[in-house]
Each structure stands twice: as C-alpha cells, then as structure tokens.
Amino acid sequence: MKLQTGDIVLVKGNTPIISRLINWITGSDYTHAGIIVADGLILEIDINKDLAIRPLKHEVYDIYRYTKGLTSEQRTKIIKQAIRRAKLNKGYDWIHIISFALQKIFRISATFEEVNKVVCSEIVDNIYNDIGIDLVPNCADGDVTPEQLATSPYLKKLFSCKQVA
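Here the working numbering = 1-based position in the sequence shown + 545.
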C-alpha cells in the first residue's frame with residue numbers, strides 16, 4: 546500500500562534510554578511519531594535530530610490514516626505546514642517530556658513546554674490541528690503521546706512494517 550501525505554507513522558523504538566522512558570510514561574510500545582509528507586518522506590523530530598523532512602528509515606513501525614480521508618487541499622496544507630514548521634523549529638522539547646513524566650509521577654495535569662520546540666507526537670497533532678482536524682479531542686493541542694494518536698477514534702491502522710537492518 547502506498548503511503549499518502551498525512552499518514553501517521555508510529556514507531557516502536559529501541560533506543561535504550563528514551564524509548565524506555567516513553568514506554569514507562571505512556572504504558573505503550575509506541576515511542577515515536579511522525580507524519581508522511583510525501584511517499585517515503587516523513588516530518589519528524591527526535592532527541593538527536595532537529596525537526597526536518599527526511600526519508601522514512603525506521604525499522605519497526607505502524608502506519609495510521611485519518612478515517613474520513615483528506616482532501617487534496619488538506620494534503621497541500623500539510624506539506625506547506627511541514628516545511629514552515631521545520632524552518633521555525635529550534636529543537637527537541639525536553640521540558641515537555643519532563644512534564645509528561647511529572648504528570649505520571651504526581652498525577653498533575655500541568656504541561657510545560659518551550660517556545661518553538663516540540664516533541665514528535667506534538668508536531669503530528671499540531672499539523673492536523675492546522676488543517677482543522679482534532680485527532681485527540683480530550684487533550685490540549687499538542688499535548689498528546691504516540692499512544693493517544695494510536696487510540697484516536699479518527700485514525701485507523703493500515704499496516705505494520707518491520708525492516709531488516
């Protein structure tokens with residue numbers, strides 16, 4: 546099946562520290578998220594990479610698609626927003642990750658984040674909000690985890706991929 550602009554990539558990570566931390570915080574195997582900009586190209590940010598459009602090279606991931614389908618105008622806007630946001634971004638938002646951990650430990654609902662910095666699932670949520678679609682209605686804009694994207698009633702899992710490294 547061909548990937549389409551707007552498809553969401555949810556990754557089952559294997560990095561020793563950050564993947565385990567995100568597993569613990571979310572209770573999910575999904576530790577990373579990105580959004581397809583064009584077939585084979587993903588917009589993503591990671592702990593050691595700035596927000597950018599790059600080739601999809603993850604080893605184990607699932608592809609999710611918006612259940613109602615996207616219009617050509619929405620797909621075009623996703624591409625434009627991906628380029629715009631990649632230019633504006635100033636790096637990975639560690640404060641937001643710490644905020645997720647504090648929410649889990651202390652059962653608080655406060656969220657802390659740095660301006661022009663994002664985490665992976667936040668960028669996916671923000672881009673969908675840019676085109677008028679709220680994937681996780683019970684969460685503040687951008688304050689979502691990969692697991693919340695996976696369980697969104699507005700997304701369906703299309704397929705899983707396991708590439709041999």
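Here a beta-carbon is modelled for each residue, glycine too, at the ideal position from N, C-alpha and C.
Notebook entry, point to check: Should the segment 688-697 be called in touch with the segment 553-566, which here means at least 3 C-beta pairs below 8 Å?
Noted result: yes
Note to self: Using CA atoms only, rank isn't needed, just tell me which of P682, D675, I642 and K635 is closest to G551.
What the structure shows: Taking the first residue of the sequence shown as position 1, residue 551 is located at position 6. Of the listed residues, the one whose Cα sits closest to G551 is D675.
Next item on the list: With a floor of 4 residues, list each alpha helix (DSSP H) that falls wholly inside the segment 602-636, ordered by position along the chain.
Entry: 617-633
Margin query: Could you check whether the segment 613-623 touches the segment 663-683, counting it as contact only if at least three pairs of C-beta atoms, one from each stretch, sit closer than 8 Å?
Written below: yes
Next item on the list: Report back the beta-carbon spacing between P600 and L586 to the nearest angstrom; my notes put them in contact at under 8 Å.
Entry: Stepping through the sequence shown from its first residue, residue 600 is reached at position 55. Stepping through the sequence shown from its first residue, residue 586 is reached at position 41. Sure, about 6 Å apart at Cβ, within 8 Å.
Notebook entry, point to check: Would N671 pass as a contact of D686 if the rule is Cβ separation under 8 Å?
Noted result: On the sequence shown, position 126 is the one that residue 671 refers to. On the sequence shown, position 141 is the one that residue 686 refers to. Going by C-beta atoms, N671 is nearer than 8 Å to D686.
Next item on the list: Evaluate T523 with the Cβ neighbour count: other Cβ atoms within 10 Å of its Cβ, from every protein chain shown; 16 or more gives buried, anything less gives exposed.
Entry: With the chain represented from 546 up to 710, any question about residue 523 goes unanswered, as that position is not in the structure.
Next item on the list: Select from R629, I642 and I624 the residue whose C-alpha is nearest the C-alpha of V582.
Entry: For the purposes of this step, residue 582 is identified with residue 37 of the sequence shown, where counting begins at 1. With distances taken between Cα atoms, V582 lies closest to I624.
Notebook entry, point to check: Just how far apart, CA to CA, sit I718 and I642?
Noted result: Nothing in the structure corresponds to residue 718, since the chain is present only between 546 and 710.
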